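Chemist:
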Amino acid sequence: MATEPAPDGWPTWVGLGVEGKECMIVSNGESAITIRGVTKTFGKLRAVDDLTLDVPYGSLCGFLGPNGAGKTTTIRMIMAIIFPDSGELSVLGKASAVESKDLIGYLPEERGVYRKMKTTEYLVYMARLKGVDAGPAKRKASDWLDRVELPGVGKKRLEELSKGMQQKVQVAATLIHDPELVILDEPFSGLDPVNARMLRNLIVDMNKQEGRTIIFSTHVLPQAEQMCERIVMIDRGKTVLDGTLAEIRAQFDPRTLLVRKRSEDQRLDLRDYDGVQRVNEYNGEIEVFLNAEVDPVQVMRAMLNSDDLAKVELRQPSLDDIFISLVDDARLNEFGVLEVGSHD
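Just remember that this note's numbering sits 73 ahead of the position in the sequence shown, which is counted from 1.
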């Protein structure tokens, strides 16, 4: 298969794509993960469509989109589990994740442990597979059980642990060899709010305190918004958004007002104001979503003239707001599982 030459000065490798087709792999030396124009099809389904993205070294990147957007397919290509039909890809400057496997910690979407093994035995085994010597592996197993808040379970068989506890053990197994690059596919799926918060704090600490490059996929937008400095959002296998949160928000004008009534007993319908699209009450405040055509400042002035309202202010757009502005109602209904406005 013919490929375009790489830019001057960029190292290149040639990997094998689907059915032995060549796929040029490029590294720019600045990104832990580089993807250029990658496409992957399954029969008539184009799961990933001309996807381009970078994950800079040292970044914490949220890889967002609804179920079926192409996130897991992309991650599997990054991990060399499957190969692209076309495009360019590099991981830690190598042609394949296989060449850097001991430097990568990967938590797949499909959870699974060796249920008959004891917990510490399992963690030591996973560490040894990644090149950690036996002595350090045992120490790391104990340390990681503490970090994921599972002290005292080392001698228990994994089948004795709850599903949530098994998932935390698998997180520890993913990280036990101190990987440079961490790739987590829907890591919060199945966790209760307490354990989700623990994992969220762990991910942030690994990035901020330990300097690890982390990319994790999720369809829960507010969770990524709390954690990430960089966001990549895809839909139907194509990039919809890519940049820092500040860069992304700067592209979108605020279109939501936060309103508070003077009295909880007051009854008023804010949808009567021109330009109001919908209204949502949450935690004692009212979110007023405006149409794209209306000037938010004019709506604010009209509301401030009312004696019924104690506060009216513009709210910076959330990832929820931005995503909704980029897709039509039909697509939102199709997504279904996209957790817009989730809070925990």
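Ideal Cβ positions, reconstructed from N, Cα and C, are used throughout, including at glycine. Since the model is a prediction, treat every value here as computed from it, not as a measurement.
#1: Just the C-alpha distance for residue 289 and residue 252, rounded to the nearest angstrom, thanks.
#2: If you draw a straight line from the alpha carbon of residue 327 to that of residue 309, how long is it in whole angstroms?
#3: Can you tell me whether DSSP reads residue 261 as helix, strand or coil?
#4: Tell me the residue span of the alpha helix (DSSP H) that contains residue 396.
#5: What does the Cβ neighbour count give for residue 240, buried or exposed, with the cut at 16 atoms within 10 Å?
#6: Measuring straight from C-alpha to C-alpha, what distance separates residue 378 and residue 372?
#7: Would the stretch 170-178 count as touching the stretch 144-153 if we require 3 or more Cβ pairs under 8 Å?
#8: Can you find at least 3 beta carbon pairs, one from the stretch 318-332 and one from the stretch 212-219, that sit closer than 8 Å?
#9: Select from 266, 285, 264 the residue whose C-alpha is nearest the C-alpha of residue 250.
#10: How many whole angstroms separate the CB atoms of residue 383 and residue 333, which I take to be in contact at a CB cut-off of 8 Å?
#11: Nearest to residue 108 by CA position, among 116, 140, 158, is which residue?
#12: DSSP three-state call for residue 189: helix, strand or coil?
#13: Rounded to the nearest angstrom, how far is the Cβ of residue 165 from that of residue 105, given a contact under 8 Å?
#14: What's the call for residue 399, buried or exposed, on a 16-neighbour Cβ count within 10 Å?
#15: Just to confirm, are residue 161 and residue 188 a CB contact at a threshold of 9 Å?
#16: Since residue 135 contacts residue 297 with CB under 8 Å, what's their CB separation in whole angstroms?
#17: In the structure shown, what three-state DSSP assignment does residue 249 receive?
#18: Can you give me the Cβ contacts of residue 367 inside the same chain, cut-off strictly under 6 Å, excluding the 5 residues immediately before and after it?
#19: Using a threshold of 9 Å, state whether the C-beta atoms of residue 36 and residue 287 are closer than that.
#20: What does the alpha-carbon distance come out to for the pair residue 396 and residue 341?
#21: What residue range does the beta strand (DSSP E) around residue 210 cover?
#22: Which residues does DSSP list as the beta-bridge partners of residue 311?
#23: So for residue 138, helix, strand or coil by DSSP?
#24: Cα separation between residue 227 and residue 364?
#25: Would residue 146 be called buried (16 or more neighbouring beta carbons within 10 Å of its own) or exposed?
#26: What do you reckon, are the CB atoms on residue 180 and residue 244 nearer than 9 Å?
#27: By Cβ distance, which residues of its chain are closer than 8 Å to residue 335, with the 5 residues on each side in sequence left out?
#28: Less than 9 Å separating the beta-carbons of residue 330 and residue 360?
#29: Measure the alpha-carbon distance for residue 200 versus residue 191 and round it to whole angstroms.
#30: If you draw a straight line from the C-alpha of residue 386 to the C-alpha of residue 346, how long is it?
Modeler: Per the coordinate set shown:
#1: Locating residue 289 in the sequence shown gives position 216, counting from the first residue. Locating residue 252 in the sequence shown gives position 179, counting from the first residue. If you take the alpha carbons of residue 289 and residue 252, they lie about 14 Å apart.
#2: Translated into the one-based positions of the sequence shown, residue 327 becomes position 254. Translated into the one-based positions of the sequence shown, residue 309 becomes position 236. Spanning the two alpha carbons is a distance of roughly 26 Å.
#3: Along the sequence shown, read from residue 1 onward, the residue named residue 261 stands at position 188. Coil, per DSSP.
#4: Here residue 396 is taken as the residue at index 323 of the sequence shown, counted from 1. Per DSSP, the unbroken alpha helix (DSSP H) holding residue 396 starts and ends at 392-399.
#5: Translated into positions along the sequence shown, residue 240 becomes position 167. Buried.
#6: Walking along the sequence shown from the start, residue 378 turns up at place 305. Walking along the sequence shown from the start, residue 372 turns up at place 299. Cα atoms of residue 378 and residue 372: separation of roughly 10 Å, rounded to the nearest angstrom.
#7: Yes, since at least three Cβ pairs between the stretch 170-178 and the stretch 144-153 fall closer than 8 Å, the two stretches touch.
#8: Verdict: no, contact absent.
#9: The residue labelled residue 250 in the question sits at position 177 within the sequence shown. Closest in alpha carbon position to residue 250, among 266, 285, 264, is 285.
#10: The count along the sequence shown starts at 1 and reaches residue 383 at position 310. The count along the sequence shown starts at 1 and reaches residue 333 at position 260. The pair is a contact, with the Cβ atoms about 5 Å apart (cut-off 8 Å).
#11: For the purposes of this step, residue 108 is identified with residue 35 of the sequence shown, where counting begins at 1. Nearest in C-alpha terms to residue 108, of all of 116, 140, 158, is 158.
#12: Walking along the sequence shown from the start, residue 189 turns up at place 116. Coil at residue 189, not helix or strand.
#13: Reading the sequence shown from its first residue, position 92 is the one you call residue 165. Reading the sequence shown from its first residue, position 32 is the one you call residue 105. Yes, residue 165 and residue 105 are in contact; Cβ-Cβ is about 6 Å, under 8 Å.
#14: As a position in the sequence shown, residue 399 is number 326, starting the count at 1. With fewer than 16 neighbouring CB atoms inside 10 Å of its own CB, residue 399 falls in the exposed class.
#15: By 1-based counting over the sequence shown, the position of residue 161 is 88. By 1-based counting over the sequence shown, the position of residue 188 is 115. No.
#16: On the sequence shown, residue 135 is found 62 positions in, with the first residue counted as 1. On the sequence shown, residue 297 is found 224 positions in, with the first residue counted as 1. The beta carbons of residue 135 and residue 297 sit about 3 Å from each other, so the pair counts as a contact at 8 Å.
#17: Residue numbering aside, residue 249 sits at position 176 when the sequence shown is read from its first letter. Coil.
#18: Locating residue 367 in the sequence shown gives position 294, counting from the first residue. 348.
#19: The chain is shown only over 74 to 417; residue 36 falls outside these bounds and no answer can be derived.
#20: Indexing the sequence shown from 1 puts residue 396 at position 323. Indexing the sequence shown from 1 puts residue 341 at position 268. Cα to Cα, the separation comes out at about 29 Å.
#21: Along the sequence shown, one-based indexing puts residue 210 at 137. Residue range 207-220 is occupied by the alpha helix (DSSP H) that includes residue 210, with no beta strand (DSSP E) assigned at that position.
#22: Indexing the sequence shown from 1 puts residue 311 at position 238. Answer by DSSP bridge pairing, in chain order: 308.
#23: For this step, residue 138 is matched to residue 65 along the sequence shown. Coil.
#24: Numbered from 1 along the sequence shown, position 154 holds the residue referred to as residue 227. Numbered from 1 along the sequence shown, position 291 holds the residue referred to as residue 364. For residue 227 and residue 364, the distance between alpha carbons rounds to 56 Å.
#25: Working through the sequence shown from its first residue, we reach residue 146 at position 73. Looking at its Cβ environment, which holds 16 or more other Cβ atoms inside 10 Å, residue 146 is buried.
#26: Here the question's residue 180 lines up with position 107 in the sequence shown. Here the question's residue 244 lines up with position 171 in the sequence shown. Between residue 180 and residue 244, the gap from beta carbon to beta carbon is short of 9 Å.
#27: Here the question's residue 335 lines up with position 262 in the sequence shown. Around residue 335: 380, 381, 382, 383.
#28: Along the sequence shown, read from residue 1 onward, the residue named residue 330 stands at position 257. Along the sequence shown, read from residue 1 onward, the residue named residue 360 stands at position 287. In this structure, residue 360 lies closer than 9 Å to residue 330 by Cβ.
#29: Along the sequence shown, one-based indexing puts residue 200 at 127. Along the sequence shown, one-based indexing puts residue 191 at 118. Taking the straight line from one Cα to the other gives about 14 Å.
#30: For the purposes of this step, residue 386 is taken as the residue at position 313 of the sequence shown. For the purposes of this step, residue 346 is taken as the residue at position 273 of the sequence shown. Their Cα atoms are separated by approximately 15 Å.
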